[in-house]
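Encoded as structure tokens, the structure appears first; notes follow it.
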Amino acid sequence: MPKHLHAHPIDAHRPDTSTAPNGTISGTYRRVVVRRVLTRPNALLARRSRDIDPRAPGVVALAEELVTTMRASPGCVGLAAPQIGELVRMFCVDVTGHRKTKSCAGLVILVNPRVVERTEDVVMREGCLSVPDFTGDVARAATVVVEGFEPGSSTLVRIAANAMEARCLLHEIDHLDGILFTDRVVDPEKSLFARKVFG
Ligand SMILES: [Zn+2]
Numbered sequence: 001m002p003k004h005l006h007a008h009p010i011d012a013h014r015p016d017t018s019t020a021p022n023g024t025i026s027g028t029y030r031r032v033v034v035r036r037v038l039t040r041p042n043a044l045l046a047r048r049s050r051d052i053d054p055r056a057p058g059v060v061a062l063a064e065e066l067v068t069t070m071r072a073s074p075g076c077v078g079l080a081a082p083q084i085g086e087l088v089r090m091f092c093v094d095v096t097g098h099r100k101t102k103s104c105a106g107l108v109i110l111v112n113p114r115v116v117e118r119t120e121d122v123v124m125r126e127g128c129l130s131v132p133d134f135t136g137d138v139a140r141a142a143t144v145v146v147e148g149f150e151p152g153s154s155t156l157v158r159i160a161a162n163a164m165e166a167r168c169l170l171h172e173i174d175h176l177d178g179i180l181f182t183d184r185v186v187d188p189e190k191s192l193f194a195r196k197v198f199g
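Here it is as structure tokens:
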């Protein structure tokens with residue numbers, strides 16, 4: 001049997017990154033599978049996810065799959081575990097380089113997150129990998145403080161965020177409660193916009 005047929009099965013699901021300039025997947029996550037992202041109206045997206053022990057087996061591996069899946073989608077700034085079919089309270093966010101970013105903590109992965117402070121709402125356009133056909137205008141707190149655990153750690157971390165980063169944190173926490181941005185648009189008649197499709 002040729003040697004390559006002995007490769008670990010997970011390699012069979014790896015995207016072909018051999019032609020990607022610089023690769024969209026860092027070396028750290030190179031062996032991690034990119035998961036399929038569920039889209040509306042998949043019923044799992046409407047379920048409430050459960051708290052997990054951040055140090056439980058598999059939590060760090062799931063975090064790596066979340067990050068890898070987020071990185072594999074150009075322009076994606078956040079992804080929550082239920083979007084890949086795992087109903088546990090974990091998400092990742094990274095708004096680095098986005099044009100609407102002010103505060104930026106870089107890559108943030110939180111388990112059992114909760115909002116501990118928030119200010120008044122502002123309206124901003126947002127989108128979601130699970131809602132591929134639309135963007136929408138949604139009112140969310142302008143600034144937030146969010147606490148949660150890092151995967152594999154029992155240390156509570158606290159993120160103070162504004163602008164794009166605050167919006168993303170709240171959007172991802174909503175996913176953990178089974179809420180999509182389409183449930184929150186300012187005006188269901190006027191606040192959803194078809195995404196432009198090219199080609
Ligand atoms: Zn989303």
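Here my numbering is used: the first residue of the sequence shown is 1, the next is one more, and so on. Here a beta-carbon is modelled for each residue, glycine too, at the ideal position from N, C-alpha and C.
For G78, the pairing in a beta bridge is given by DSSP as V93. Here A61 is exposed. Its C-beta has fewer than 16 other C-beta atoms within 10 Å. The three-state secondary structure of D174, taken from DSSP, is helix. In this structure, the CA atom of P113 is about 32 Å from the CA atom of E189. Counting along the chain, R71 sits inside the alpha helix (DSSP H) bounded by residues 59–71. Looking from the CA of E64, the closest CA among R50, G85, R35, R89 belongs to R35. A contact is defined here as three or more CB-CB pairs under 8 Å, and the region 72–92 meets this definition with respect to the region 163–182. Between the region 169–182 and the region 127–143, the count of Cβ pairs shorter than 8 Å is three or higher; the stretches touch. Distance check between G85 and each of N42, I52, L110, S103 places N42 closest, using alpha-carbon atoms only. Secondary structure at T101: coil, using DSSP grouped into helix, strand and coil. Distance from the CA atom of T135 to the CA atom of S49, rounded to whole angstroms, is 24 Å.
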